[in-house]
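Asker: Residue numbers (my numbering), protein chains in the order written: chain V, 1299 to 1952; chain A, 1299 to 1952.
Sharing a structure with you now.
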């Protein structure tokens, strides 16, 4: 896409909602299950009586976070992602913390969404059972291929599945509520089962009960992920950007709350039971259901109950749930490389991640994300519950730091703002952000405390490792840049007095002859051909041929008692330099250019080795004179450009 | 080692024997076990009554092969390895067949010797049991490290363990025989066990019996491997080379036969039982011994019986057996890269394998051998019996082809030889080689038929794959060489009329300024600095700085609507070329030189990508102007030379 056309893709609100909200909305596909599952560790009765308490707490947090982010989009109409907000207001260290957290969370999000999607698909496709890991990896590979090929969904491609998902879940909610009050709501398939306590939880009083409630709450907070997506995307919205973004956020919040509430209510009314370990925790007529029992998701069970006489409804809900989950995973494929590019711009990641490739697709970032996510799916066996333990930590780190940054932002602006009405608005915003920061911080603490031993520790470790890695990369770039800076007073560029050219000759063939004539055309002060005497017979044949053909350049034979090639040439170059330190030595190396990678394996080794050593020698230039073999024709684009590696910085620098 | 010092390392006979015979002698450590094991598949009684028949057959083959190879060393005093003999007398196809066979056998030999060594060590070191694979891989790694570091055993280092091994085995033989005839020979630890038939063998009559005997014979022929080592090594012997080599061969044959005979006799007298599956085949008082039973090697059991009252003797035999087996594995580490180098010289393998590195150590070959052998040890669980199924095929392919070649050799020489005495000697040699060829061919057939389904098929497949690979490599080199050959009548080198130089600039810093001044010093016909406009602000800042510093070279800004770097530069270079096809374009690229590999990851990506694309463009030279960063100092040797990669051919060619 051309730079000057980027402006044309601005989104109206009706497309902004599905583009930025698919992530946030999709989490209602697993958040209710997690609440029921954790509470179910204390038994079915406990889960039934407490799931609404926990859901209400999650909804309160949702309302506060949405209100907070509405302040963000007003303050940063040009796009204030959490990383930028933290960077600008709290300094680079805070920015890097947010960045590490978000990078880890993107990876986990892909793994969670894909695994949950596969499990939801199993509601209507029985063959999926037992092949969840394989299919999950398959979906990751498919998304990777799509994104590498640069197939970017337009807003419209996003819009349809998201709106259908809303229709499916909210429609199911309305129908279910009517059925409930009409007394015609069918029971869920697990309604007649008894859910026994499990997972080592036996007492549900005092501290243990509180801890279990907090654990369920922190799992339920998965419903909050993705709220920040809108604030990243403000620049992509139509004007008035800030107003539209705030409206989109509000809509998203309302929809999330409505969907979450209806799924939890219907689960309770239909008697859905979700167990961490169904085989032992679920009991029918006094006997555990055993390994054959297949536990459907909460959405799946509710839809089966609501649409008991209308199977198409079950299929519809299942399909749209799967679609929106894969769509949510796909948003990470856009977000991760964009964040990587921003971090590369700031020197935290290798610079080649910064420049966009030809198709705006950041292949390296996509491949790293896909590899890490596929690994997670395999290691955790596509188990959504296990993967969710690693999730959310990053999002709440990001929420907390960013909201704290916003408080700073308003405080700073308040100092300079004379207008009273504006001041009042800012003070209101600051108060909202302060509440947001406090609440996110509290949730973060709860998440870390309740999940640390269940998997969150790996996420925290990964964040710390990324933080340290990125900091040391940035320090390296800074050191190099200082070393390379020109002091215009002392570093007056000195023109070398002479150019001493050497052409390396191994055989008399076309590539060497071309190197020789190019070297002659460059008219150096001194020009010599040089050969290394590794094999006496070969060398003598070469010298004889050289004389017979009357080549107008002296051929110098370098002795090589140890039968090396690189050593004698290096020594010779150094001896020229030490005699005339203001000279520059130009070494001409013929290089073969071949079309196939395995052909490259068979050539150019000595040349590359020699070049690598020569580059360490000061005052030397190495000239590659290519000879294109027939097989190279047309191969150029093929194996150099596939897949497109985004170049780093411009021209010679990178 | 300097070329002119290679002559000083010639070996006297007393060192030639251990250097070249360790491989052949070491095989008596596993050949008797294999004979007993295969015969034992028909039960203990069958093994006891037939082991001597099989051993005698092996000894006959040994005598014939040694006699044959004595003709080889007389005919090729300058060193006629099987590959050369086949190549010269039967053509390149035969040579390549031998080469493929030998390459595979070197790998198997390392795996077999190391695995057998580890099992022998277990006789006195009980903790080895259960860790055979790990220790086997450890030994391979150790040998690799020794050989990569260029620690080459002098003849003396070889001599001591080999002579101690002879002393140990022959001493044990003499003591045992005396004890036997004095009636004091103790029974082996497995003497009181009953050996049941196993491995699906139930009938031992007619064809089945013959097949089992042939299988035992072909396993016993493992004792013959290594006979060809002397004929490879003739040039390393003191004069008269051929006579000394023939004597060494004879000595080796006599010693092998004596050692093999004494181990088989003593095994029989002490009642040693070797089972393929000890847990079920061995029975004590009517009950199978089960998984706890630990089966010692034949040498181990015999030494325990002979030195029943003298434990130091057991330890001594065990230690020298382990040592000679590891030494034998080590000979492959010398032979494999030498063969690889010869094949690379003839264009069958990548040329970089040909040139010797600084320490005469051919690192690449060593690494390939070690990797393949370690893989075999792991895949076959260090099981000597399983590995032996892959062995010997290669050796007998090599024997057969080489002896057939010798027959041709004598026939050719007989045509030109007028002297009657000489003719008679030649006819005698030819007859011996003909017998050798026939017998080797027969054994090869037996080996293939009896072992094909037990593992030999993998060896044959590997040989075929290597054959095809090497042939296609050679065809590639031949094609390239034809394409590059100069036709001096039509290919008159044309001197380019102008040199148009371009310096790629990304930023104003020391590396770009150096590139600029080097380019200026080369005084091209046209000199331009070029920058790609990826980011408008950066470009404007660069242009302003360029003017402010009054750089005396025009800075050309190339537009980049798609924010690429490589594309615009390539297009510009092509536009220059198309306007003036007789010009040559020189592109100067500043390159960073850094000391650590991970630093390289962070730099030079755009430059390398650009260079790779430019090399495909005719009429272009690419000049790397290095800037050595502080970290590069002293790092040159460190990460370019470790491990030393032998360069391929000289200078620019390779």
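Glycine included, every Cβ here is placed at the ideal spot set by N, Cα and C.
Among V:1442, V:1851, V:1915, V:1804, which residue has its Cα nearest to the Cα of residue 1832 (chain V)?
Answerer: Taking only the C-alpha atoms, the option nearest residue 1832 (chain V) is V:1804.
Asker: Any idea what DSSP makes of residue 1916 (chain V), helix, strand or coil?
Answerer: Note: residue 1916 (chain V) maps to coil in three-state DSSP.
Asker: Anyone know if the C-beta pair for residue 1731 (chain V) and residue 1366 (chain V) falls short of 7 Å?
Answerer: In this structure, residue 1366 (chain V) lies closer than 7 Å to residue 1731 (chain V) by Cβ.
Asker: If we cut at 7 Å on Cβ distances, does residue 1834 (chain V) have a partner in chain A?
Answerer: It does not: the Cβ of residue 1834 (chain V) has no partner Cβ on chain A nearer than 7 Å.
Asker: Where does residue 1458 (chain V) sit, in a helix, a strand or coil, going by DSSP?
Answerer: Residue 1458 (chain V) falls in the helix class under three-state DSSP.
Asker: Below 7 Å between beta carbons: does that hold for residue 1373 (chain A) and residue 1550 (chain A)?
Answerer: Cβ distance not < 7 Å, so residue 1373 (chain A) and residue 1550 (chain A) don't count as in contact.
Asker: Less than 7 Å between CB atoms is the rule here; does residue 1784 (chain V) satisfy it with respect to chain A?
Answerer: At least one chain A Cβ lies under 7 Å of residue 1784 (chain V).
Asker: On the three-state DSSP scale, how would you describe residue 1798 (chain A)?
Answerer: Residue 1798 (chain A) falls in the strand class under three-state DSSP.
Asker: Mind checking whether residue 1692 (chain A) and residue 1399 (chain A) have CB atoms under 7 Å apart?
Answerer: Going by C-beta atoms, residue 1692 (chain A) is nearer than 7 Å to residue 1399 (chain A).
Asker: Helix or strand or just coil, what does DSSP make of residue 1585 (chain A)?
Answerer: DSSP places residue 1585 (chain A) in strand when its eight states are reduced to three.
Asker: Which residues share a DSSP beta bridge with residue 1854 (chain V)?
Answerer: Answer is V:1828.
Asker: Could you spell out the range, first to last residue, of the alpha helix (DSSP H) harbouring residue 1758 (chain A)?
Answerer: Segment 1754 to 1782, the alpha helix (DSSP H) holding residue 1758 (chain A).
Asker: Closest by CA to residue 1890 (chain A), which one among A:1836, A:1811, A:1758, A:1585?
Answerer: Measuring from the Cα of residue 1890 (chain A), the nearest candidate turns out to be A:1811.
Asker: Can you tell me whether residue 1926 (chain A) is helix, strand or coil according to DSSP?
Answerer: Strand at residue 1926 (chain A).
Asker: If I measure Cβ to Cβ from residue 1646 (chain V) and keep anything under 8 Å in the same chain, skipping five residues before and after, which residues do I get?
Answerer: So the list reads 1394, 1397, 1768, 1769, 1771, 1772, once near-sequence residues are dropped.
Asker: Taking the straight line between their C-alpha atoms, what separation do you get for residue 1418 (chain A) and residue 1335 (chain A)?
Answerer: Spanning the two alpha carbons is a distance of roughly 16 Å.
Asker: Could you give the first and the last residue of the continuous beta strand (DSSP E) run that contains residue 1891 (chain V)?
Answerer: That run of the beta strand (DSSP E) goes 1882 to 1891.
Asker: With a cut-off of 8 Å, do at least 3 Cβ pairs link the region 1599 to 1615 of chain V to the region 1431 to 1443 of chain V?
Answerer: The answer is no - the region 1431 to 1443 of chain V does not touch the region 1599 to 1615 of chain V, with fewer than three Cβ pairs under 8 Å.
Asker: To be precise: take each residue of the region 1811 to 1824 of chain V, compare its Cβ to all Cβ atoms of chain A, and keep it if any distance is under 8 Å. Which residues remain?
Answerer: Taking 8 Å as the Cβ-Cβ cut-off against chain A, the residues of the region 1811 to 1824 of chain V that qualify are 1811, 1812, 1813, 1814, 1815, 1816, 1818, 1819, 1820, 1821, 1822.
Asker: Within the chosen definition, does the region 1810 to 1830 of chain A reach the region 1780 to 1789 of chain A through at least 3 CB pairs nearer than 8 Å?
Answerer: With a cut-off of 8 Å, the region 1780 to 1789 of chain A and the region 1810 to 1830 of chain A do not count as touching, because too few Cβ pairs lie within range.
Asker: Which of the three DSSP states is assigned to residue 1503 (chain V) in this structure?
Answerer: Correct three-state label for residue 1503 (chain V): coil.
Asker: Buried or exposed: residue 1357 (chain A), going by 16 or more other Cβ atoms within 10 Å of its Cβ?
Answerer: Per the 10 Å Cβ criterion, buried.
Asker: For the region 1866 to 1884 of chain V, which residues have a beta carbon sitting closer than 8 Å to at least one beta carbon of chain A?
Answerer: Answer set for the region 1866 to 1884 of chain V: 1867, 1882, 1884.
Asker: With distance defined between alpha-carbon atoms, name the residue in A:1545, A:1353, A:1590 nearest to residue 1370 (chain A).
Answerer: Residue A:1545 is the option with its Cα nearest to residue 1370 (chain A).
Asker: In whole angstroms, what separates the C-alpha of residue 1784 (chain V) from that of residue 1844 (chain A)?
Answerer: C-alpha separation (whole angstroms): 13 Å.
Asker: What's the C-alpha gap between residue 1309 (chain V) and residue 1364 (chain V)?
Answerer: Answer to the nearest angstrom: the Cα atoms are 20 Å apart.
Asker: Which runs of the alpha helix (DSSP H) spanning at least 4 residues fall entirely within the region 1460 to 1526 of chain V, listed in chain order?
Answerer: Fully enclosed alpha helix (DSSP H) runs of 4 or longer: 1504 to 1518.
Asker: Can you give the Cα-Cα distance for residue 1801 (chain A) and residue 1638 (chain V), rounded to whole angstroms?
Answerer: Straight-line Cα distance between these residues: approximately 30 Å.
Asker: What residues match up with residue 1921 (chain A) in a beta bridge as DSSP calls it?
Answerer: V:1921, A:1886.
Asker: Just the C-alpha distance for residue 1311 (chain V) and residue 1408 (chain V), rounded to the nearest angstrom, thanks.
Answerer: Computed Cα separation, rounded: 26 Å.
Asker: Just to confirm, is the Cβ distance from residue 1742 (chain V) to residue 1698 (chain V) under 7 Å?
Answerer: Contact: yes.
Asker: Closer than 6 Å to a non-hydrogen atom of the ligand SAM - does that hold for the CB of residue 1730 (chain A)?
Answerer: Of ligands this structure carries none, so the ligand SAM is not represented either.
Asker: Could you give the distance in angstroms between the alpha-carbon of residue 1824 (chain A) and the alpha-carbon of residue 1799 (chain A)?
Answerer: Straight-line Cα distance between these residues: approximately 6 Å.
Asker: What does the Cβ neighbour count give for residue 1529 (chain A), buried or exposed, with the cut at 16 atoms within 10 Å?
Answerer: It counts as buried.
Asker: Residue 1483 (chain V) to residue 1469 (chain V), Cα distance in whole Å?
Answerer: Near 15 Å, if we compare the C-alpha coordinates of residue 1469 (chain V) and residue 1483 (chain V).
Asker: Does the contact criterion of 3 or more C-beta pairs under 8 Å hold for the region 1917 to 1924 of chain A versus the region 1912 to 1922 of chain V?
Answerer: Yes: at least three Cβ pairs fall under 8 Å.
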